[in-house]
Amino acid sequence: KAGVTQTPRYLIKTRGQQVTLSCSPISGHRSVSWYQQTPGQGLQFLFEYFSETQRNKGNFPGRFSGRQFSNSRSEMNVSTLELGDSALYLCASSGTGGSSYEQYFGPGTRLTVT
Amino acid sequence: AQSVTQPDIHITVSEGASLELRCNYSYGATPYLFWYVQSPGQGLQLLLKYFSGDTLVQGIKGFEAEFKRSQSSFNLRKPSVHWSDAAEYFCAVGERGGGADGLTFGKGTHLIIQP
């Protein structure tokens with residue numbers, strides 16, 4: 347089975363711009379979660395989508411949003427980028443109980459904001 | 002809120018020696034417990050998980066972990082490390098019944114393997 351894929355792998359953006367990241371889960375998985383990883387804060391949960399609905403949300407500002415399509419693919423959008431948004435963004439999919447169960451992670455998208 | 006503590010930021014082990022990485026969690030009940038490994042520039046790979054039952058769980062790459070309820074710990078062990086085990090290791094917990102916070106991760110332990 348193919349793993350979780352994320353595109354693009356690397357992005358460089360300027361402050362104030364917006365960005366969209368994409369994630370394709372493992373075939374058959376309906377839950378997709380997003381995490382932000384930074385050296386200072388570690389891994390932090392952004393949100394989870396299940397059957398095209400946001401089911402859980404972490405403590406991030408409204409500039410961070412997402413959506414999920416009928417084929418379970420998910421996108422994450424960050425508007426009005428700030429320098430502090432530079433991070434590795436990881437997508438994870440789960441086949442059963444969602445974001446608190448075992449997660450299978452993609453390779454991540456490295457976002458650099460200048 | 003649940004929390005995970007990995008007390009060791011860095012650990013250096015000689016190749017062929019045994020390894021133990023510590024993980025303690027704070028949670029009202031027994032959560033789901035996980036260990037993940039991350040190589041530089043890569044995503045996280047699931048090493049093993051504990052949901053219930055036998056408190057000693059086996060994972061991939063020769064790793065095992067033991068759940069100790071009385072100590073709120075879930076330590077990761079390997080009897081003999083290989084140079085390829087050098088990576089960042091994360092302990093994580095998930096709330097039983099489905100929580101709103103996804104997985105909560107520790108800060109990670111950076112494993113260095115000496116030849």
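Which chain is which? The protein sequence lines are A and B, in order. Each residue of the first sequence is one higher than the last, beginning at 347 in the numbering used here. Each residue of the second sequence is one higher than the last, beginning at 2 in the numbering used here. Don't be surprised by glycine CBs; every beta carbon is placed ideally from N, CA and C. The structure presented is a predicted model; accordingly, all values stated were derived computationally and were not measured.
- Taking Arg413 of chain A as reference, the option from A:Leu392, A:Ser432, A:Glu428 and A:Asp431 with the minimal CA-CA separation is A:Leu392.
- Nearest Cα to Cys92 of chain B within the set B:Ser74, B:Gly63 and B:Ser15: B:Ser74.
- Here Ala88 of chain B is near Gln39 of chain B, since their CB atoms are less than 8 angstroms apart.
- At least 8 angstroms separates the CB of Glu65 of chain B from every CB of chain A.
- At a cut-off of 8 angstroms between beta-carbon atoms, Phe68 of chain B makes no contact with chain A.
- Taking 9 angstroms as the Cβ-Cβ cut-off, the stretch 440-459 of chain A approaches chain B at Gly443, Gly444, Ser445, Ser446, Tyr447, Glu448, Gln449, Tyr450, Phe451, Gly452, Pro453, Gly454 and Arg456, given in chain order.
- For Phe410 of chain A, no chain B residue has a Cβ inside 8 angstroms of its Cβ, as the nearest lies near 14 angstroms away.
- At least 8 angstroms separates the CB of Ser420 of chain A from every CB of chain B.
- According to the DSSP secondary-structure assignment, Val94 of chain B is paired through a beta bridge with B:Leu34 and B:Thr105.
- By the rule that beta-carbons nearer than 8 angstroms mark a contact, Leu48 of chain B does not touch chain A.
- The three-state reading of DSSP puts Leu48 of chain B in strand, counting E and B together.
- Annotation: Cβ neighbours of Ser379 of chain A in chain B (cutoff 7 angstroms, chain order): Gly103.
- The C-beta distance from Gln382 of chain A to Ala433 of chain A rounds to 5 angstroms, short enough to meet the 8 angstroms contact threshold.
- Beta bridge pairing from DSSP links Gln383 of chain A with A:Leu389 and A:Leu434.
- Straight-line spacing of the CA atoms in Gln43 of chain B and Gly452 of chain A works out to 8 angstroms.
- Nearest CB-CB separation between Tyr33 of chain B and chain A: below the 8 angstroms threshold.
- At a C-beta separation below 7 angstroms, Gly362 of chain A has no neighbours in chain B, since its nearest C-beta there lies roughly 27 angstroms away.
- By the 16-neighbour rule on beta-carbons within 10 angstroms, Trp36 of chain B is buried.
- Among the CB atoms of chain B, none fall inside 8 angstroms of the CB of Glu398 of chain A.
- The Cβ-Cβ distance between Gly60 of chain B and Ser379 of chain A does not fall below 8 angstroms.
- Bridge partners of Arg413 of chain A according to DSSP: A:Glu421.
- With a cutoff of 8 angstroms on beta-carbon distance, Thr110 of chain B and Val5 of chain B are scored as not near each other.
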